[in-house]
Structure formats: structure tokens, C-alpha cells
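This report concerns only the one structure given below.
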Amino acid sequence: MRIALSLGLVFIAAPAMAASADPTTGAQIAKAECASCHAVGADADAKSPDPKAPRFIDVANMPSTTELSLKVFLRSSHKNMPNIILAREEIDSLASYILGLGGK
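All letters in the sequence shown, in the order written, are residues -18 to -1, 1 to 86 by mature numbering (1 follows the signal peptide of the UniProt record, and there is no 0).
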């Protein structure tokens, strides 16, 4: 009983990718909003237009990159980035796309 209860709490507490998350839409958002600075595709040899901007594939492969970490990052302003404001569904889709680049 204790194990079943613990597993149930884990499933309740673990955030699931929103049903509205669409990696195809996320790729479109990445190309439209992020590609002027970041390499946003899956090409391992691509370079970011801005050398200071990490490639999305590298972000996706970082051990610390999770759905939650991406969503928090995308909802926060950052000193060296434009203040792009995305809707929740757009953030979900962009996070889904980036996670997919790393096979997560």
C-alpha cells in the first residue's frame, strides 16, 4: 500500500508536458523568434549566428535541461536576450521541441 501511494504521489507531482505542446509548432517558433541568435535545428555542425548564444541542441543535451527548467527559463527575462513574451502554449511547444532535440 505504501509503495502504491508513493508512486501515485510521484505521478501527481511530476509535471506532464501539456496536451497543447506541439514540437512542430515549437520548431516554427524557434525559427521565427530565436534563429537570429541561436542555431535552432538538429544539425550537430551548425553554429549559432551569435557566438554567445548556445545552440538549441546543446541546451537539449545538458543534463540540467528538463521540461520545468526550460519553461522557467522561457518565462523569465535575461540580461543578454531580447524580452520575447510567449503564450503558455507557445512556451510548452518550444520546450517540447528543444527537449526533442536531445531525445528527452
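Beta carbons: idealized from backbone N, C-alpha and C, even for Gly.
- Nearest in C-alpha terms to Val54, of all of Glu15, Ala24, Asp74, Thr6, is Asp74.
- Nearest in C-alpha terms to Thr7, of all of Ile80, Gly85, Lys86, Thr47, is Ile80.
- Note that the C-beta distance between Ala26 and Gly84 is not below 8 Å.
- For the pair Asp40 and Ala24, the Cα-to-Cα distance works out to about 10 Å.
- Sequence-distant partners of Arg37 (beyond 5 residues in either direction) whose C-beta falls short of 7 Å from its own C-beta, in its chain, are His20, Ala21, Ala28, Ser30.
- For Ile67, no alpha helix (DSSP H) segment is defined, and its DSSP state is neither H nor E.
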